[in-house]
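Using the numbering used here, you'd call the opening residue of the sequence shown number 4 and step up by one each time.
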Amino acid sequence: MYPISPDLQKTLATIRAFIDEEIIPLEAGFGHSMKALEPLLAEKRQKVKEMGLWLPQIDKEFGGLGLSLVEHGYVSQELGRTPLGHYVFNCQAPDAGNMEILIEYGTAEQQAQFLQPLLRGETRSCFSMTEPENAGSNPTLLSTTAVLEGDSYIIDGHKWFTSSADGAAFAIVMAVTNPHHENRYRRASMIIVPTDTPGFELVRNISVMGEAGDGHASHAEVRYNEVRVPRSYLLGDEGAGFVIAQQRLGPGRIHHCMRWLGICERSFDLMCGYAVRREVAPGRRLADMQTIQNWVAESRAEINAARLMVLDAAHKIDREGSHAARQEISLIKFYVANVLQRVLDRAIQTHGALGMTDDLPLAYWFRHERAARIYDGPDEVHKWSVARRILQNYEG
Ligand SMILES: Cc1cc2nc3c(=O)[nH]c(=O)nc-3n(C[C@H](O)[C@H](O)[C@H](O)COP(=O)(O)OP(=O)(O)OC[C@H]3O[C@@H](n4cnc5c(N)ncnc54)[C@H](O)[C@@H]3O)c2cc1C
4 MYPISPDLQK TLATIRAFID EEIIPLEAGF GHSMKALEPL LAEKRQKVKE
54 MGLWLPQIDK EFGGLGLSLV EHGYVSQELG RTPLGHYVFN CQAPDAGNME
104 ILIEYGTAEQ QAQFLQPLLR GETRSCFSMT EPENAGSNPT LLSTTAVLEG
154 DSYIIDGHKW FTSSADGAAF AIVMAVTNPH HENRYRRASM IIVPTDTPGF
204 ELVRNISVMG EAGDGHASHA EVRYNEVRVP RSYLLGDEGA GFVIAQQRLG
254 PGRIHHCMRW LGICERSFDL MCGYAVRREV APGRRLADMQ TIQNWVAESR
304 AEINAARLMV LDAAHKIDRE GSHAARQEIS LIKFYVANVL QRVLDRAIQT
354 HGALGMTDDL PLAYWFRHER AARIYDGPDE VHKWSVARRI LQNYEG
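Take a look at the structure:
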């Protein structure tokens, strides 16, 4: 249905071998600190550049491989087999989304100052929209303001779950610039804030399921205390924040879903490999038990179905754009997040106590990917949105 060209097949095989041989062995150190791993990861990033595989998701004119969304989906699945994969190829969230925004909406100056170092992998970035005081699932409920004073915006607000703010060079901040606009979707703007601007306060890396993490692998609470940035740091038009966000989230959700399928595939491999090795009585292995066989068969079916759905959505975005594919995007967002949770849970259960340890990546993923059902829109919001649209067709 979505044939892989011989070229892409070769690329995928190269990536798989590289991930297996060079990146998976680094996982042991990952649970403790991403920052501590950075020097080693920088070496691996250099290798990826030398292999000509840097920035798979970015157009060739900006130094990437110029893959379509379907093609990058396949790549993302390979990279997702380890928590470090996307970072090493510089296609990790939230940077990948911010690169897209800067390519699409950045001025020449913004691209030179913020995009180019990001593309080269010299800097990282973050995306700062969600606020503790407001329901993130209704993104029009924002309290952060950006007030124009002369030729500067003065930004005031309180954000949290600004992923990867720790060590980021800049944030793209969603702030209300036009509070009285009649259309509530035209009230907020995206503004670039360098993190060394006075008033940018990283309050803490939030402890998530027992881990605060660091560097790229962290989620920060941030205060913007009268942060003053030049007006020229506005992205796109004033009031265009939601329009830009919608554009960013379409491809972003494909990237996440295919990454989750990479996690599913690795978990599935681990589960099956363990099931055929582990004896629970002489000559009686886990693989011989029907419960485990059911988990294997159900997981295979769910992963295959999820992959076809994601490729279908990616194909539609490639052909018709994110707006036309919004139903498909909502469907995969909640469906794949739940497949991920079920497959991970079965893999952990199959491994018994070993599944709970950090000797395998399963427990890390179980802790941190529970959030897949919440970020970029909780399950319930996507289901509501899909059902509402479907049911409209049945109204008299
Ligand atoms: C690990 C992680 C990383 C994140 N990274 C970022 C980031 O980098 N930048 C950023 O800005 N934000 C980020 N977020 C925030 C994320 O986008 C929000 O958590 C999300 O939008 C939900 O908002 P909320 O947490 O305020 O939940 P709320 O809006 O308060 O919703 C709470 C719950 O209510 C239910 N609910 C809400 N609306 C409906 C509805 N219409 N119908 C039925 N039920 C409903 C859902 O079950 C939902 O989980 C991240 C979150 C996590 C967990």
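Just so you know, even glycine gets a beta-carbon here, dropped at the ideal spot from N, CA and C. Predicted model only: the values in this text are computed from it and were never measured.
| query | result |
| --- | --- |
| Mind checking which residues open and close the beta strand (DSSP E) that includes Thr147? | Element bounds for Thr147: n/a, residue is neither H nor E. |
| Any idea if Pro233 is buried or exposed, counting beta-carbon neighbours within 10 angstroms, 16 or more meaning buried? | exposed |
| When the Cα atoms are used, what is the spatial distance from Ser210 to Glu107? | 34 Å |
| Given a cut-off of 8 Å on the beta-carbon distance, is the pair Ser166 and His75 in contact? | no |
| Taking Cβ positions, are Ala448 and Ser131 nearer each other than 8 Å? | Nothing can be reported for residue 448, as the shown portion of the chain is limited to 4 through 399. |
| Spatial neighbours of Ile27 within its chain, please: C-beta separation below 8 Å, excluding the five flanking residues on both sides. | Arg84, Thr85 |
| Would a C-beta distance cut-off of 8 Å place Ser79 and Asp98 closer than the cut-off? | no |
| Roughly how many angstroms lie between the CA atoms of Arg190 and Gly242, to the nearest whole one? | 5 Å |
| Quick check on DSSP: helix, strand or coil for Trp57? | coil |
| With distances taken from CA atoms, which of Pro197, Ser192, Asp217 is nearest Asp240? | Ser192 |
| Going by alpha carbons, who is nearest to Ile61 out of Gly255, Val283, Val339? | Gly255 |
| Report all residues from its chain with a CB closer than 6 Å to the CB of Leu70; omit the five preceding and five following residues, and keep chain order. | Pro59 |
| Starting from Val91 and walking both ways along the alpha helix (DSSP H), at which residues does that stretch end? | 88-91 |
| Going by Cα to Cα distance, which pick from Glu398, Ile194, Pro182, Arg231 is closest to Thr200? | Arg231 |
| Over the uninterrupted beta strand (DSSP E) stretch that includes Pro285, give me the two end residues. | First-last for Pro285: undefined, no H or E at that position. |
| Along the chain, which unbroken stretches of the beta strand (DSSP E) at least 3 residues long are found entirely within the stretch 57-143? | 128-131 |
| Could you name the residues of the same chain whose beta carbon sits closer than 7 Å to that of Leu72, not counting the 5 residues immediately before and after it, in chain order? | Pro254, Ile257, Ala317, Ile320, Asp321 |
| How long is the line joining the alpha carbons of His385 and Asp154, rounded to whole angstroms? | 39 Å |
| Helix, strand or coil for Pro201, going by three-state DSSP, please let me know. | coil |
| Taking all protein chains shown into account, do 16 or more other C-beta atoms lie within 10 angstroms of the C-beta of Asn208, making it buried, or fewer, making it exposed? | buried |
| Can you tell me whether His161 is helix, strand or coil according to DSSP? | strand |
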